[in-house]
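A.B. asks: Numbering (the working numbering), first residue to last: 335 to 433.
Don't be surprised by glycine CBs; every beta carbon is placed ideally from N, CA and C.
Structure in structure tokens, see below.
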């Protein structure tokens, strides 16, 4: 169980920034909040989360295998997972799984 304030505290973002993001996710149908402010993923939200997690684990693992230290690889993967195109991600994934 998580609330917006928990997300803000965990990630070090301002509450206002998290609130704006949560409103956007709610409006797009990716999350729901209950009367106590607890957030849950909808089916579309879960699919997006699973894809982002797949990107994160694949990219961070790949960077580590290339010799990047673990902390840097994880930090870089956190940024890359949100901006990489589907085409580039699939090419990297294909390369990793076939080599």
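#1: In chain order, what residues of the same chain have a beta carbon less than 7 angstroms from the beta carbon of residue 389, not counting five sequence neighbours either side?
#2: What do you reckon, is the C-beta of residue 355 under 7 angstroms from a heavy atom of the ligand ZN?
#3: Quick one: complete beta strand (DSSP E) runs, 3+ long, within the segment 351–418?
#4: Where residue 347 and residue 337 are concerned, what is the direct C-alpha to C-alpha distance, given to the nearest angstrom?
#5: Tell me whether the segment 396–408 and the segment 357–370 touch, counting them as touching only if at least three CB pairs, one residue from each stretch, are closer than 8 angstroms.
#6: For the alpha helix (DSSP H) containing residue 343, name the first residue and the last one.
#7: Measure the C-alpha to C-alpha separation of residue 386 and residue 350 and round it to an integer number of angstroms.
#8: In angstroms, rounded to a whole number, what distance separates the CA positions of residue 421 and residue 427?
#9: Closest to residue 335 by CA distance: which of 372, 358 and 360 is it?
#10: Can you find the residues in the same chain that come closer than 6 angstroms, C-beta to C-beta, to residue 412, ignoring five residues on each side of it along the sequence?
C.D. replies: Concretely, from the data shown:
#1: The answer, listed in chain order, is 415, 418 and 423.
#2: Because no ligand of any kind appears in the structure shown, any question about the ligand ZN cannot be addressed here.
#3: Those beta strand (DSSP E) runs which fall completely within the segment 351–418 and span 3+ residues are 365–367 and 372–375.
#4: Spanning the alpha carbons of residue 347 and residue 337 requires a straight line of approximately 13 angstroms.
#5: Contact between the segment 396–408 and the segment 357–370 is absent, because fewer than three Cβ pairs lie under 8 angstroms.
#6: Unbroken alpha helix (DSSP H) run through residue 343: 338–345.
#7: Here the alpha carbon of residue 386 sits roughly 23 angstroms from the alpha carbon of residue 350.
#8: Separation of residue 421 and residue 427 (C-alpha to C-alpha, rounded to the nearest whole angstrom) is 10 angstroms.
#9: Of the listed residues, the one whose Cα sits closest to residue 335 is 372.
#10: Result list for residue 412: empty, nothing under 6 angstroms.
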